């Protein structure tokens with residue numbers, strides 16, 4: 144049951160925010176580059192997840 148109309152659109156708004164995507168991509172790149180020698184390819188998956196989280200947080204900060 145949807146309680147708040149348009150909530151999914153707000154949650155995924157970071158996909159269209161260039162600044163948020165740039166910040167998330169840069170974060171993912173840095174985490175993957177620095178972590179891969181220590182954790183192997185599993186770190187790359189975590190880096191992508193961290194990048195998505197950072198992009199979402201940056202997108203929410205720009206809404207305010």
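Numbering (the working numbering), first residue to last: 144 to 207. Yeah, the Cβ is synthetic: ideal placement off N, Cα and C, and Gly gets one too. Small disclaimer: the values here were computed from a predicted structure and weren't measured.
Item to check | Nearest-angstrom Cα separation, counted from residue 190 out to residue 172 | outcome: The straight-line gap separating the alpha-carbon atoms of residue 172 and residue 190 is approximately 7 Å.
Checklist entry - Using the C-alpha atoms, what's the distance from residue 195 back to residue 168? => result Roughly 8 Å between the two C-alpha positions.
Checklist entry - Between which two residues does the alpha helix (DSSP H) containing residue 170 stretch? => result Counting along the chain, the alpha helix (DSSP H) containing residue 170 begins and ends at 161-182.
Next on the checklist: Suppose the cutoff is 7 Å on Cβ atoms and the five residues either side in sequence are ignored; what does the same chain contact list for residue 193 look like?
Outcome noted: For residue 193, where only same-chain residues beyond five positions count, the Cβ hits under 7 Å are 170, 171, 174.
Next on the checklist: Rounded to whole angstroms, what is the Cα-Cα separation between residue 84 and residue 181?
Outcome noted: Because the chain is modelled from 144 through 207, residue 84 falls outside the range shown and cannot be assessed.
Next on the checklist: Using a 10 Å radius around the Cβ and a threshold of 16 neighbouring Cβ atoms, would you call residue 166 buried or exposed?
Outcome noted: Under this definition residue 166 is a buried residue.
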